[in-house]
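Numbering (the working numbering), first residue to last: 37 to 464.
What follows is the structure, encoded as structure tokens:
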């Protein structure tokens, strides 16, 4: 259609489709004129945006706010591993990346995913996420199960994890089946869980609007038992002008592009359209990878906007704060010799480590891996787009102070955005 000459150059077509390799290439070819609208991704983004109450993993772990670290494991279960389930894995893995100590090491996480076609899904997913080879398995962070939800093996799995289970996403593609599975899980939770244990919630994808009333009735039924059930991904809430045409998250996330420029002396802020042209002119990127490179960076800005709540909860901040100081980061010493309250400096530092853990996790879920020595010799800068390798996918304490500053300025901006107008915020 775009090649027929029927549309002006400033016309944008929105196409509802899954973001496959082919559709991505078409979107790149017609950058600015064609936008793929992937409803599975938008549905999961409603959880990332916090449109549904308590949809962030940070609400399901024990937080030491004085140190800004997490002291418990986050355990999740995804039932139905089609497009929504796979995007749910990416979201949960990224947003459950928390520091467990002063070194910035990652707190434990366990994500189970169940589907009766998992053996067929696994191969394609490994190609999209090569890091799964080391992340997935019996005693690893992610475990993919080939089983039917009506099987004995699924019952055994539920029973073995129910006491530790925090978070469930159900997206089988069938509303009736979804609500039945949710009911079984909630009743098992009521039977086996101790009320003093970690919070627990089940999120169910609503596919057809005509089933909303039944879902909402189920939500009300379980409320008296302190069992939390929520629906997400309803079509009427996904296809809105605010989300698709105006892209409000992108507009709000521009503050994080500015924070990146503040941390990087070689960067000057430019509007989104100008940044695409800069990518095209960059000899390390070029026209072929320009859109892909910009999409990766813009994705991080958007994730930072949606991750503000997580950082605020980790640090124990609230609207009752009277005043805070947000110092500049020294390129040689970081915040090590900053003249400010030591507890506050530790919170800022550990929240910065959390940002790096989130960034690492997001890149692994996008298909990137740590840059090898061989590829590093061929690469100028930190990222090789063709090889999908990045130098910075390493532990926080292995980064130099300059690179750590990028994470810190995200935290600094997050705190400022949260507290401005509510408390006196001093930017030193």
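Ideal Cβ placement from N, Cα and C applies to all residues, glycine included. Keep in mind it's a predicted model, so treat the numbers as computed, not measured.
CA nearest to the CA of residue i, picked from the options
i, options, result
"residue 65", "327, 49, 140, 306", "327"
"residue 359", "457, 445, 251, 200", "457"
"residue 237", "113, 249, 354", "113"
"residue 404", "212, 166, 174", "166"
"residue 459", "78, 353, 253", "353"
"residue 121", "141, 412, 186, 148", "148"
"residue 131", "347, 436, 364", "347"
"residue 449", "412, 391, 396", "391"
"residue 286", "81, 271, 154", "81"
"residue 251", "145, 212, 331, 272", "212"
"residue 332", "345, 253, 344, 315", "315"
"residue 443", "344, 271, 261, 218", "344"
"residue 86", "267, 295, 334, 372", "267"
"residue 50", "73, 56, 62", "73"
"residue 398", "384, 124, 69", "124"
"residue 183", "292, 150, 77", "150"
"residue 171", "280, 396, 269", "396"
"residue 258", "225, 293, 384", "225"
"residue 69", "305, 281, 461, 248", "281"
"residue 455", "295, 361, 334, 71", "361"
"residue 401", "415, 389, 425", "425"
"residue 312", "330, 271, 181", "330"
"residue 372", "440, 322, 321", "440"
"residue 14", "222, 374, 417", "Residue 14 cannot be examined here, being either before or after the span of the chain that is shown, 37 to 464."
"residue 176", "159, 245, 111", "111"
"residue 364", "119, 320, 308, 447", "447"
"residue 210", "417, 192, 244, 67", "244"
Outcome for residue i when other beta-carbon atoms lying within 10 angstroms are tallied against a minimum of 16
i, result
"residue 301", "exposed"
"residue 366", "exposed"
"residue 202", "buried"
"residue 394", "buried"
"residue 239", "buried"
"residue 227", "exposed"
"residue 451", "buried"
"residue 93", "buried"
"residue 84", "buried"
"residue 356", "exposed"
"residue 230", "exposed"
"residue 61", "exposed"
"residue 310", "exposed"
"residue 163", "exposed"
"residue 289", "buried"
"residue 178", "buried"
"residue 305", "exposed"
"residue 241", "buried"
Simplified DSSP assignment, three categories, for residue i
i, result
"residue 51", "strand"
"residue 439", "helix"
"residue 302", "coil"
"residue 117", "coil"
"residue 127", "helix"
"residue 111", "strand"
"residue 225", "helix"
"residue 103", "coil"
"residue 151", "strand"
"residue 339", "helix"
"residue 156", "helix"
"residue 334", "helix"
"residue 88", "coil"
"residue 447", "helix"
"residue 138", "coil"
"residue 321", "coil"
"residue 97", "coil"
"residue 71", "strand"
"residue 456", "coil"
"residue 65", "helix"
*Starting from the N-terminal side, write out each stretch of the alpha helix (DSSP H) that is 4 residues or longer and does not extend beyond the region 401-431.*
The qualifying runs are 409-414.
*Write down every uninterrupted run of the alpha helix (DSSP H) in the region 161-219 whose length is 4 residues or greater and which is fully enclosed by it, in chain order.*
Listed in chain order, the complete alpha helix (DSSP H) runs (minimum 4 residues) inside the region 161-219 are 168-171, 188-197.
_Complete beta strand (DSSP E) runs within the region 229-286 (minimum length 3 residues, chain order)_ = Taking 3 residues as the minimum length, the beta strand (DSSP E) runs contained wholly in the region 229-286 are 237-241, 264-268, in order along the chain.
*Touch check for the region 339-349 and the region 370-382: three-plus C-beta pairs under 8 Å?*
The region 370-382 and the region 339-349 do not touch, with fewer than three beta-carbon pairs separated by less than 8 Å.
*Enumerate, from N- to C-terminal direction, the unbroken alpha helix (DSSP H) stretches of 4 or more residues contained entirely within the region 345-408.*
For the region 345-408, the full-length alpha helix (DSSP H) segments reaching 4 residues or more read 378-401 along the chain.
_Given 8 Å, three or more beta-carbon pairs between the region 125-140 and the region 99-109_ = Short answer: they touch.
*Contact between the region 142-156 and the region 405-413: three or more CB pairs below 8 Å?*
With the cut-off at 8 Å, the region 142-156 and the region 405-413 do not touch.
*Is it true that the region 242-256 meets the region 204-224, where meeting means three or more beta-carbon pairs spaced less than 8 Å apart?*
Enough Cβ pairs lie closer than 8 Å, so yes.
_Touching by the beta-carbon criterion (3+ pairs, under 8 Å), the region 190-204 and the region 426-444_ = Judged by Cβ distances under 8 Å, the region 190-204 makes no contact with the region 426-444, as fewer than three pairs qualify.
*Examine the Cβ distances between the region 184-198 and the region 154-164 and report whether three or more of them are shorter than 8 Å.*
The count of Cβ pairs closer than 8 Å, one atom from the region 184-198 and one from the region 154-164, stays below three, leaving the stretches out of contact.
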